[in-house]
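Read the sequence shown against our numbering and you will find it ends at 197, with the numbers running on by one and no gaps.
No residue lacks a Cβ here, since even glycine has one placed at the ideal position from N, Cα and C.
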Amino acid sequence: MLLVDIGNTNTKIYESGEIRVVSTNDAYFPKEKFYYICVNSKASKRLKEMENAVDLEPHIKLQSSYQGLGVDRKVVCKAVDEGVVVDAGSAITLDVMEQGVHKGGFITLGLSAFRQSFANISDRLAFELDHQIDLDRLPQSTHEALNFATFYAVVSSIERFAKGKKLYLCGGDALVLKEFFREAVVKEDLVFEGMKRVIKESGC
-6 MLLVDIGNTN
4 TKIYESGEIR
14 VVSTNDAYFP
24 KEKFYYICVN
34 SKASKRLKEM
44 ENAVDLEPHI
54 KLQSSYQGLG
64 VDRKVVCKAV
74 DEGVVVDAGS
84 AITLDVMEQG
94 VHKGGFITLG
104 LSAFRQSFAN
114 ISDRLAFELD
124 HQIDLDRLPQ
134 STHEALNFAT
144 FYAVVSSIER
154 FAKGKKLYLC
164 GGDALVLKEF
174 FREAVVKEDL
184 VFEGMKRVIK
194 ESGC
């Protein structure tokens, strides 16, 4: 089974249990049948013209009252019946699942987006991300202050909704956030677990 997750920046390809990541701009789509989800509008137009490409979005059945839930979030939620899912990519999303029902969630800036936003304000606010920052101590330098603001915003918002629940981390910065959530489960292939579940349930 060949599965493809097309994002705005990167495309992940799952084949025979192996995952490889390529730039979405350079993504190569195979000639054999494959299943995909896509949040990139340019790539989506191309994919709809391919007879061997199966768009999974119309086949996803997820009980939720959330309006406008993105296909990428729907799929990772399909992989979890109970717990909190955090997808740490260009943006960071958090979604709460209870007994197979999506209870809601939020979107915030990804770690790199925080960094870029500060740099856009002033060159003096350019900094390198440092996940070793101590969130229990007031910063004593601008570098520490910017890292503190970035990680505190993300970590504290996750803590509020993940307390007492199993936490699943996926996405490019999952391992960085794992430093703050030692009990969390990092699942690089969570999106593909969700895709396989959608295929099984829908029979597409």
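- Distance between residue 105 and residue 122, taken at the CA atoms: about 8 angstroms.
- Rounded to whole angstroms, the separation of the alpha carbons of residue 154 and residue 162 is 14 angstroms.
- Taking a contact as a CB-CB distance under 8 angstroms, the pair residue 160 and residue 77 counts as one, their CB atoms being some 5 angstroms apart.
- Beta-bridge partners of residue 66 (DSSP): none assigned.
- Within its own chain, the residues whose Cβ lies closer than 6 angstroms to the Cβ of residue 144, once the five positions on either side in sequence are excluded, are 126, listed in chain order.
- Going by DSSP, residue 28 is part of the beta strand (DSSP E) stretching over 27 to 31.
- In this structure residue 74 is in contact with residue 90, their Cβ atoms being roughly 6 angstroms apart against a cut-off of 8 angstroms.
- Sorting 25, 81, 34 by C-alpha distance to the C-alpha of residue -1 places 34 at the top.
- Straight across, the Cα-Cα distance linking residue 117 with residue 12 is about 39 angstroms.
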